[in-house]
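Numbers 255 to 535, taken from the working numbering, label the letters of the sequence shown in order. Accompanying notes for the structure given below.
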Amino acid sequence: MPKLEGKIIVVTGAGSGIGLGTAHILAQAGASVVLADRFGDKAERGAADIREKGGAAIAVEADVAIEDQVRAMIDTAVSEFGGLDALHNNAALVDPEVLAGDVSILDLDPALYERVLRVNLVGYALGAKHAVPHIIRRGGGAIINTGSVTGVSGEHVRAMYGSSKAGVIGLSRNIAVQFGKDGVRCVSISPGLIMTPALEKGIPKDEIQRLISHMLLPRAGQPEDIGNLSAFLISDAGSYITGVDIPVDGGLVAHWPTFADERAARRAAERSNDNITGGIA
């Protein structure tokens with residue numbers, strides 16, 4: 255595991271899912287972690303769990319769509335731990351009622367779209383705005399932004415979510431360009447199918463298996479898969495990586511669209527040959 259002793263890191267959307275899993279990984283690597291979430295009680299439970307395991311963590315209630323709360327989130331990290339080395343922007347608007355309204359462009363609700371962009375994209379820019387000066391004072395560090403494979407490849411649904419994540423990938427490159435000479439790196443991580451509690455509740459098991467059939471690896475991802483990469487990128491081991499998007503998707507977008515069909519056909523042919531061979535005396 256990368257070494258993060260002495261590092262002070264803020265993780266947004268850290269009350270559950272990828273954010274919570276990432277916060278645990280960062281704390282295990284030795285970092286002091288600020289868990290920020292618009293649901294303060296969830297963030298506090300996560301921070302308490304980390305402290306019970308011997309880590310250093312505090313919770314902050316913050317809605318990343320509100321600049322004053324983002325500023326207070328960063329200021330809390332600095333005042334409580336003495337500075338800031340990295341920010342992992344992870345918060346996203348994925349409430350069921352929001353996703354239910356994110357289907358077709360023909361049915362687009364401009365007000366809802368603005369809400370999605372305000373959290374998923376503007377919120378990340380606000381985080382960087384207030385974090386970068388403190389990171390520079392510490393001699394440099396990293397901004398990690400959670401993108402998505404839906405920001406790279408389109409879907410039949412979730413155009414608002416997907417386009418907001420495409421924006422995150424572009425924002426990350428611009429942050430990397432603007433502050434690289436000041437020692438600030440910026441990388442986006444694009445998860446694929448990650449088994450968070452929200453996803454397990456929202457997607458039927460047969461749909462999950464269908465998605466796994468389109469991956470190169472035989473399993474769905476876990477929040478810790480994102481956390482492990484975040485820890486590496488923030489650590490000194492990742493100090494020469496910036497301005498890129500890294501997919502963590504089990505190979506979901508690495509192949510031809512016909513991959514699953516071709517694999518199923520090949521396996522069916524192999525079974526047929528086995529049956530024929532087994533029947534020869």
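No residue lacks a Cβ here, since even glycine has one placed at the ideal position from N, Cα and C. Every value quoted in this text rests on a predicted model; they were computed, and no experiment measured them.
Exercise. For residue 445, which beta-bridge partners are listed by DSSP?
Worked result: Locating residue 445 in the sequence shown gives position 191, where the first residue counts as 1. DSSP lists 502 as the beta-bridge partner residues of residue 445.
Exercise. From 383, 375, 282 and 330, pick the residue whose C-alpha is nearest to that of residue 489; which is it?
Worked result: Taking the first residue of the sequence shown as position 1, residue 489 is located at position 235. With distances taken between CA atoms, residue 489 lies nearest to 282 out of 383, 375, 282 and 330.
For this session: Taking only the alpha-carbon atoms, compute the straight-line gap between residue 300 and residue 523 and give it to the nearest angstrom.
Result: By 1-based counting over the sequence shown, the position of residue 300 is 46. By 1-based counting over the sequence shown, the position of residue 523 is 269. So the alpha carbons of these two residues sit roughly 49 Å apart.
Exercise. In its own chain, which residues sit with a C-beta less than 6 Å from the C-beta of residue 380, not counting the 5 before and 5 after it?
Worked result: The residue you call residue 380 lines up with position 126 of the sequence shown. Same-chain partners within the cutoff: 321 and 324.
Exercise. Does DSSP classify residue 333 as helix, strand or coil?
Worked result: Position 79 of the sequence shown, counted from the start, is the residue given in the question as residue 333. In the three-state scheme derived from DSSP, where H, G and I count as helix and E and B as strand, residue 333 is classed as helix.
Exercise. How about residue 266: is its C-beta nearer than 8 Å to some C-beta of chain B?
Worked result: The structure shown contains no chain B; it holds only a single protein chain.
Problem set entry | CA-to-CA distance, residue 430 to residue 491, given in whole angstroms | In the sequence shown, residue 491 corresponds to position 237, counting from 1. In the sequence shown, residue 430 corresponds to position 176, counting from 1. Rounded to whole angstroms, residue 491 and residue 430 show a C-alpha spacing of 18 Å.
For this session: Determine, using beta-carbon pairs with one atom in the stretch 459-472 and one in the stretch 400-408, whether at least three such pairs fall under 8 Å.
Result: The stretch 459-472 makes no contact with the stretch 400-408; the number of CB pairs closer than 8 Å stays below 3.
Exercise. When we look at the beta-carbon of residue 520 and count the other beta-carbons within 10 Å, is it buried (16 or more) or exposed?
Worked result: If you number the sequence shown from 1, residue 520 lands on position 266. Of the other Cβ atoms in all chains shown, fewer than 16 fall within 10 Å of the Cβ of residue 520; this residue is therefore exposed.
Exercise. Ends of the beta strand (DSSP E) at residue 286?
Worked result: What you label residue 286 is simply residue 32 of the sequence shown in a count that begins at 1. Membership of residue 286 in the beta strand (DSSP E) is indicated by the continuous run 286-291.
Exercise. Taking residue 424 as the reference, which of 378, 392 and 457 has the closest Cα?
Worked result: As a working mapping, residue 424 is identified with position 170 in the sequence shown. The option with the nearest alpha carbon to residue 424 is 378.
Exercise. Roughly how many angstroms lie between the CA atoms of residue 275 and residue 436, to the nearest whole one?
Worked result: As a working note, residue 275 is residue 21 in the sequence shown. As a working note, residue 436 is residue 182 in the sequence shown. Using only the alpha carbons, I get a separation of about 29 Å.
Exercise. Ordered along the chain, which non-local residues of its own chain (more than five positions away) have a Cβ less than 6 Å from that of residue 497?
Worked result: Counted from its first residue, the sequence shown places residue 497 at position 243. Contacts found: 427 and 430.
For this session: Report the three-state DSSP secondary structure of residue 276 (helix, strand or coil).
Result: Reading the sequence shown from its first residue, position 22 is the one you call residue 276. The answer is helix: DSSP assigns residue 276 an H, G or I state.
For this session: Please confirm whether residue 580 and residue 290 have their CB atoms less than 8 Å apart.
Result: Given that the chain is displayed from residue 255 to residue 535, the structure contains no residue 580 and the question cannot be resolved.
Exercise. How long is the line joining the alpha carbons of residue 434 and residue 394, rounded to whole angstroms?
Worked result: As a first step, residue 434 must be located in the sequence shown, where it is residue number 180. As a first step, residue 394 must be located in the sequence shown, where it is residue number 140. Each residue's CA atom was taken as its position, placing residue 434 and residue 394 some 9 Å apart.
Exercise. Which of helix, strand or coil does DSSP assign to residue 409?
Worked result: Taking the sequence shown and counting its residues from 1, one reaches residue 409 at position 155. DSSP, reduced to helix, strand and coil, places residue 409 outside both helices and strands of the structure shown, so it counts as coil.
For this session: Go through its chain and collect everything with a Cβ distance to residue 363's Cβ below 8 Å, but skip five positions before and after it.
Result: Residue 363 sits at position 109 when you count from the first residue of the sequence shown. If you ignore the 5 residues before and after residue 363, its C-beta comes within less than 8 Å of the C-beta of 355, all in its own chain and listed in chain order.
Exercise. I think residue 382 touches residue 397, with their Cβ atoms under 8 Å apart; what is that distance to the nearest whole Å?
Worked result: Within the sequence shown, residue 382 is the residue found at index 128, counting from 1. Within the sequence shown, residue 397 is the residue found at index 143, counting from 1. Contact annotation, residue 382 with residue 397: C-beta distance approximately 5 Å; criterion of less than 8 Å satisfied.
For this session: Using three-state DSSP, classify residue 495 as helix, strand or coil.
Result: Here residue 495 corresponds to residue number 241 of the sequence shown, with the count starting at 1. Looking at residue 495 - three-state DSSP - the assignment turns out to be coil, as it is neither helix nor strand.
Exercise. Which partner residues of residue 439 appear in the DSSP bridge assignment?
Worked result: Locating residue 439 in the sequence shown gives position 185, where the first residue counts as 1. Residue 439 is bridged to 396.
Problem set entry | Range covered by the beta strand (DSSP E) that runs through residue 370 | Here residue 370 corresponds to residue number 116 of the sequence shown, with the count starting at 1. Residue 370 -> not in any beta strand (DSSP E); alpha helix (DSSP H) instead, spanning 364-371.
Exercise. To the nearest angstrom, how far is it from the Cα of residue 535 to the Cα of residue 476?
Worked result: Residue mapping note: residue 535 aligns to position 281 of the sequence shown, counting from 1. Residue mapping note: residue 476 aligns to position 222 of the sequence shown, counting from 1. Annotation note: pLDDT 46 at residue 535 (below 50); position unreliable, coordinate value reported separately. Residue 535 and residue 476 have their C-alpha atoms some 49 Å from each other.
Exercise. Is it true that the CB of residue 487 sits closer than 8 Å to the CB of residue 495?
Worked result: For this step, residue 495 is matched to residue 241 along the sequence shown. For this step, residue 487 is matched to residue 233 along the sequence shown. Less than 8 Å divides the Cβ of residue 495 from the Cβ of residue 487.
Exercise. Are the beta-carbon atoms of residue 502 and residue 480 separated by less than 8 Å?
Worked result: Position 248 of the sequence shown, counted from the start, is the residue given in the question as residue 502. Position 226 of the sequence shown, counted from the start, is the residue given in the question as residue 480. Yes, they are a contact pair.
Exercise. When the Cα of residue 450 is compared with those of 474, 262 and 443, which residue comes out closest?
Worked result: Mapped onto the sequence shown, residue 450 falls at position 196. Selection 474, 262 and 443 evaluated against residue 450 yields 474 as nearest (Cα-Cα).
Exercise. When you compare each of 345, 455, 341 and 285 to residue 373 by their alpha carbons, which one comes out closest?
Worked result: The residue given as residue 373 occupies position 119 in the sequence shown. The residue with the shortest Cα to Cα distance from residue 373 is 345.
For this session: Evaluate residue 458 with the Cβ neighbour count: other Cβ atoms within 10 Å of its Cβ, from every protein chain shown; 16 or more gives buried, anything less gives exposed.
Result: Along the sequence shown, read from residue 1 onward, the residue named residue 458 stands at position 204. Counting of Cβ neighbours within 10 angstroms places residue 458 among the exposed residues, the total staying below 16.
For this session: Note down, in chain order, each residue of its chain lying with its Cβ closer than 6 Å to the Cβ of residue 266, except the 5 sequence neighbours on either side.
Result: For the purposes of this step, residue 266 is taken as residue 12 along the sequence shown, with counting starting at 1. Excluding sequence positions up to five before and after residue 266, its CB lies within less than 6 Å of the CB of 290, 318, 343, 344 and 345, all in the same chain and listed in chain order.
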